[in-house]
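S.K.:
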Amino acid sequence: IVLQANVFVYGNKFYRQIIGGAMGSAFTLTLANIFMWKWEQQTILPKLASHELYGRYIDDVFFTWNESEENVQQVLEAANKFHPNIKLDYHIGKSIPFLDVILTNNNDILSSSIYHKPSAEPLVVSFMSDHPRHVFRNVIQTALMRAARYSSTFEVFNHELRRIRLMLLYNNYPLNYINEQFRRFFLNFMSSSSALLPLIDNENQYSV
Numbered sequence: 003i004v005l006q007a008n009v010f011v012y013g014n015k016f017y018r019q020i021i022g023g024a025m026g027s028a029f030t031l032t033l034a035n036i037f038m039w040k041w042e043q044q045t046i047l048p049k050l051a052s053h054e055l056y057g058r059y060i061d062d063v064f065f066t067w068n069e070s071e072e073n074v075q076q077v078l079e080a081a082n083k084f085h086p087n088i089k090l091d092y093h094i095g096k097s098i099p100f101l102d103v104i105l106t107n108n109n110d111i112l113s114s115s116i117y118h119k120p121s122a123e124p125l126v127v128s129f130m131s132d133h134p135r136h137v138f139r140n141v142i143q144t145a146l147m148r149a150a151r152y153s154s155t156f157e158v159f160n161h162e163l164r165r166i167r168l169m170l171l172y173n174n175y176p177l178n179y180i181n182e183q184f185r186r187f188f189l190n191f192m193s194s195s196s197a198l199l200p201l202i203d204n205e206n207q208y209s210v
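When the sequence shown is numbered by the working numbering, its final residue is 210 and no position is left out of the sequence of numbers.
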């Protein structure tokens, strides 16, 4: 019923979806996870060496491969024959976007940074809008926390700080307000027992 009898109305006409489930449906999500679990157990995981990394979020998959590119292409082409109605796009390279992160192989060291879609505009809630004041503070703190979590090096983290600052200025955030929120962010980490930024003893070291 869920996969072959979804009914909806469009333009005063009834339509029945005969293959697949509705996007956003909780049960469809469960079925998708069940299907992908079986898919990965029979197609990808048996081919991976024990030292390789593998991760999946619903139907987004990432794994490392240290054999030839020809071999991994053969594995992926075979995986796409698992079901006639399911075809997955794949990308092979030393730098791959996975969800909202870019994972990069730097001389056999895996590094991460935030993925920014090329077509994405640098837009957040404008400081000129009539939102409650705490919304603007949360916009900045969330962006900074995301940068700290996803940046695998201080160099990458500092580059992301510059992007955040420019984005906020573009959306009419006052420079003094931005600096104050940056200062609070660093002070919160320096006053905590978190090992996230263990080498920072002064936020001015990484101000941009």
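Heads up, the beta-carbon is just placed ideally off N, CA and C, and yes, glycines get one too.
Values in this document were obtained by computation on a predicted structure and should not be read as measured data.
For N8, does the three-state DSSP call read helix, strand or coil?
M.R.: For the purposes of this step, residue 8 is taken as residue 6 along the sequence shown, with counting starting at 1. The answer is strand: DSSP assigns N8 an E or B state.
S.K.: Could you spell out where the beta strand (DSSP E) holding K40 opens and where it closes?
M.R.: Within the sequence shown, the letter at position 38 stands for residue 40. Element bounds for K40: not the beta strand (DSSP E) but the alpha helix (DSSP H), A28 to T45.
S.K.: Short check: CB of I94 to CB of E71, under 8 Å?
M.R.: Residue 94 sits at position 92 when you count from the first residue of the sequence shown. Residue 71 sits at position 69 when you count from the first residue of the sequence shown. It is a contact, given that the beta carbons lie within the stated cut-off.
S.K.: Going by the CB atoms, is the gap between F159 and A145 shorter than 8 Å?
M.R.: By 1-based counting over the sequence shown, the position of residue 145 is 143. By 1-based counting over the sequence shown, the position of residue 159 is 157. Cβ distance not < 8 Å, so A145 and F159 don't count as in contact.
S.K.: I'd like the ranges of any beta strand (DSSP E) spanning at least 3 consecutive residues and lying wholly in the stretch 77-145.
M.R.: 97-100, 103-108 and 111-116
S.K.: Between F37 and S97, what straight-line distance do the alpha-carbon atoms span, to the nearest angstrom?
M.R.: Here the question's residue 37 lines up with position 35 in the sequence shown. Here the question's residue 97 lines up with position 95 in the sequence shown. F37 and S97: Cα-Cα distance of roughly 27 Å.
S.K.: Output needed for I166: all residues of its chain with C-beta closer than 8 Å, excluding positions within five of it in sequence on either side, in chain order.
M.R.: Walking along the sequence shown from the start, residue 166 turns up at place 164. Within the same chain, I166 has close Cβ partners I142, A145, L146 and A149.
S.K.: Touch check for the stretch 77-84 and the stretch 119-126: three-plus C-beta pairs under 8 Å?
M.R.: no
S.K.: For Y92, collect the residues of the same chain with a Cβ closer than 7 Å to its Cβ; drop the 5 residues on either side in sequence, then sort them by chain order.
M.R.: Taking the sequence shown and counting its residues from 1, the one referred to as residue 92 is at position 90. Closer than 7 Å at Cβ, skipping near neighbours: L78.
S.K.: Considering only residues of the same chain and omitting the five flanking positions on each side of I60, which have a CB-CB separation below 8 Å?
M.R.: Your numbering for residue 60 matches position 58 in the sequence shown. If we look at I60 and ignore the five residues flanking it on each side, its Cβ neighbours are L31, A34, N35 and M38.
S.K.: If we count the other Cβ atoms within 10 Å of its Cβ and call it buried at 16 or more, is Y175 buried or exposed?
M.R.: Within the sequence shown, numbered from 1, the residue matching residue 175 stands at position 173. By the 10 Å Cβ count, Y175 comes out buried.
S.K.: Quick check: L168 and L177, are their CB atoms within less than 8 Å of each other?
M.R.: Taking the sequence shown and counting its residues from 1, the one referred to as residue 168 is at position 166. Taking the sequence shown and counting its residues from 1, the one referred to as residue 177 is at position 175. No, Cβ-Cβ distance for L168 and L177 is not below 8 Å.
S.K.: Between which residues of its own chain and Y17 is the CB-CB distance below 8 Å, once the five residues before and five after are set aside?
M.R.: Mapped onto the sequence shown, residue 17 falls at position 15. Hits under 8 Å: V9, F10 and V11.
S.K.: Return helix, strand or coil for L198, following the three-state DSSP convention.
M.R.: Counted from its first residue, the sequence shown places residue 198 at position 196. Because the pLDDT of L198 is 49, which lies under 50, any placement of that residue in the model is unreliable, and the number read from its coordinates should be weighed accordingly. Residue state, collapsed to three classes: coil.
S.K.: Please confirm whether D102 and I116 have their CB atoms less than 8 Å apart.
M.R.: Working through the sequence shown from its first residue, we reach residue 102 at position 100. Working through the sequence shown from its first residue, we reach residue 116 at position 114. Against a cut-off of 8 Å, the Cβ pair of I116 and D102 comes out as a contact.
S.K.: Could you tell me which of N140, Y56 and A24 sits nearest to F187, measuring between CA atoms?
M.R.: Here residue 187 refers to the residue found at position 185 when the sequence shown is read from its first residue. Of the listed residues, the one whose Cα sits closest to F187 is N140.
S.K.: With a threshold of 16 other CB atoms inside 10 Å of the CB of F156, please say whether the residue is buried or exposed.
M.R.: Sequence index remark: in the sequence shown, residue 156 carries index 154 (1-based). By the neighbour-count rule (16 or more Cβ atoms within 10 Å), F156 is not buried but exposed.
S.K.: Thinking C-alpha only, which one of V137, N68 and Y152 is nearest H118?
M.R.: Taking the first residue of the sequence shown as 1, we reach residue 118 at position 116. The option with the nearest alpha carbon to H118 is Y152.
S.K.: Since Y172 is in the alpha helix (DSSP H), which residue starts that stretch and which ends it?
M.R.: As a first step, residue 172 must be located in the sequence shown, where it is residue number 170. Element bounds for Y172: F156 to Y172.
S.K.: Based on the DSSP secondary-structure assignment, which residues constitute the bridge partners of V63?
M.R.: Taking the first residue of the sequence shown as 1, we reach residue 63 at position 61. In the DSSP assignment, the residues bridged to V63 are R58.
S.K.: Per DSSP, what are the beta-bridge partners of R18 in this structure?
M.R.: Looking up residue 18 in the sequence shown gives position 16. V9, per the DSSP bridge assignment.
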